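Peer 1:
Residue numbers (this note's numbering): 950 to 1222.
1) Indicate the three-state DSSP secondary structure (helix, strand or coil) for residue 906 in the structure shown.
2) Whose C-alpha, out of 1098, 1114 and 1112, is nearest the C-alpha of residue 1130?
3) Alpha carbon to alpha carbon, how far is residue 1057 from residue 980?
4) In angstroms, rounded to a whole number, what distance separates the CA positions of residue 984 and residue 1200?
5) Report the residue from 1209, 1023, 972 and 1215 whose alpha carbon sits nearest the alpha carbon of residue 1180.
6) Counting only runs of 3+ residues fully inside the segment 1124 to 1171, write out the beta strand (DSSP E) ranges in chain order.
7) For the segment 1000 to 1010 and the segment 1120 to 1130, state whether three or more C-beta atom pairs, one from each stretch, are separated by less than 8 Å.
8) Using the C-alpha atoms, what's the distance from residue 1211 back to residue 1019?
9) Under 8 Å between the Cβ atoms of residue 992 and residue 1082?
10) Hey, residue 1037 and residue 986 are a contact pair by Cβ (cut 8 Å); roughly how many whole angstroms apart?
11) Am I right that residue 968 and residue 1118 are in contact with their C-beta atoms under 8 Å? What's the rounded C-beta distance?
12) Mind checking residue 1147: buried by the 16 CB within 10 Å criterion, or exposed?
13) Is the beta carbon of residue 962 less than 8 Å from the beta carbon of residue 1132?
14) Tell me, to the nearest whole angstrom, how far the beta carbon of residue 1145 is from that of residue 966; I am working on the premise that it is less than 8 Å.
15) Let's test the definition: count the other Cβ atoms within 10 Å of the Cβ of residue 1105 and tell me whether it reaches 16, buried, or not, exposed.
16) If you reduce the DSSP assignment to three classes, tell me which class residue 1018 lands in.
17) With the cut-off set at 8 Å, would you say residue 999 and residue 1045 are in Cβ contact?
18) With DSSP as the reference, label residue 1207 as helix, strand or coil.
19) Taking the straight line between their C-alpha atoms, what separation do you get for residue 994 and residue 1191?
20) For residue 1031 versus residue 1043, is the C-beta distance shorter than 8 Å?
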């Protein structure tokens, strides 16, 4: 490493994960990343979902994805080769492709396959475009890709839909996080849980919120993301909702979530000092 980079602070790596689909995971990764970029943080959004929804939601057509996370994980191409700029200043993307769906099979003979992503992230330590945060959009399952993300992250942000089976799915994810911490990544922790698709008129949503807060207390962000049509529309235009309609209730919620996330970060720094 050259002296030029000797004092750079390494990026904080966070997985955005929930093995249950349809909970607003990719929406959270895109819009939290955009909101952090909007206040001057340099963010790399890593699309680790073979569906590539984060890449599409940022307006990156498959034809533009010359090097993807498949190449990084399977062929061990340098991560920096995959990174492209998005239309959002300060927000960068390591795109996905459908080829990622075969990673489990192609890496089956590699005993260190769960650590492939950790090795790739070492590139960032000498990457001249320093990042403050790396957000990994995980697939909606606890497969090899998700385990790679958890083995490489300092913490996990869990989007949690306010519905009946929410706590059951969360308990499975927390068990996986505990196992990864014990066997692969002792620093891994839950950064926070964000309630998504919340309908304040629905008594069930209110009950789920109360149950989650009673059980997990300060791990749950105060900010709640409402069910909002603008959040659903934005990906079809290849834009984060915060750019598509920054005044919508969903966009405002993600701006507030980013502010709350940064306040927590600042408190951790102050406590450490």
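All C-beta atoms in this analysis are idealised placements derived from N, C-alpha and C, irrespective of residue type, glycine included. Owing to the predicted nature of the structure, the values given are computational and were not obtained by experimental measurement.
Peer 2: Inspection of the coordinates gives the following:
1) Shown here, the chain extends from 950 to 1222; a query on residue 906 therefore has no answer.
2) Among 1098, 1114 and 1112, the Cα nearest to that of residue 1130 is on 1098.
3) Whole-angstrom Cα-Cα distance: 34 Å.
4) About 9 Å.
5) The residue with the shortest Cα to Cα distance from residue 1180 is 972.
6) Fully contained in the segment 1124 to 1171 are the following beta strand (DSSP E) runs of length 3 or more, in chain order: 1138 to 1147.
7) Between the segment 1000 to 1010 and the segment 1120 to 1130, the count of C-beta pairs closer than 8 Å stays below three; the two stretches do not touch.
8) Those two C-alpha atoms are separated by around 31 Å.
9) Yes, Cβ-Cβ distance for residue 992 and residue 1082 is below 8 Å.
10) With 8 Å as the limit, residue 1037 and residue 986 qualify as a contact, their Cβ atoms being about 5 Å apart.
11) Contact holds; Cβ gap of about 7 Å.
12) Counting of Cβ neighbours within 10 angstroms places residue 1147 among the buried residues, the total reaching 16 or more.
13) For residue 962 and residue 1132, no; Cβs fall outside 8 Å.
14) A Cβ-Cβ distance of about 13 Å is found for the pair residue 1145 and residue 966, leaving them out of contact under the 8 Å criterion.
15) Residue 1105 counts as buried, since at least 16 other C-beta atoms from the protein chains shown sit within 10 angstroms of its C-beta.
16) Note: residue 1018 maps to helix in three-state DSSP.
17) Here residue 999 is near residue 1045, since their CB atoms are less than 8 Å apart.
18) It is helical.
19) Rounded to the nearest angstrom, the gap between the Cα atoms of residue 994 and residue 1191 is 16 Å.
20) Closer than 8 Å, so yes.
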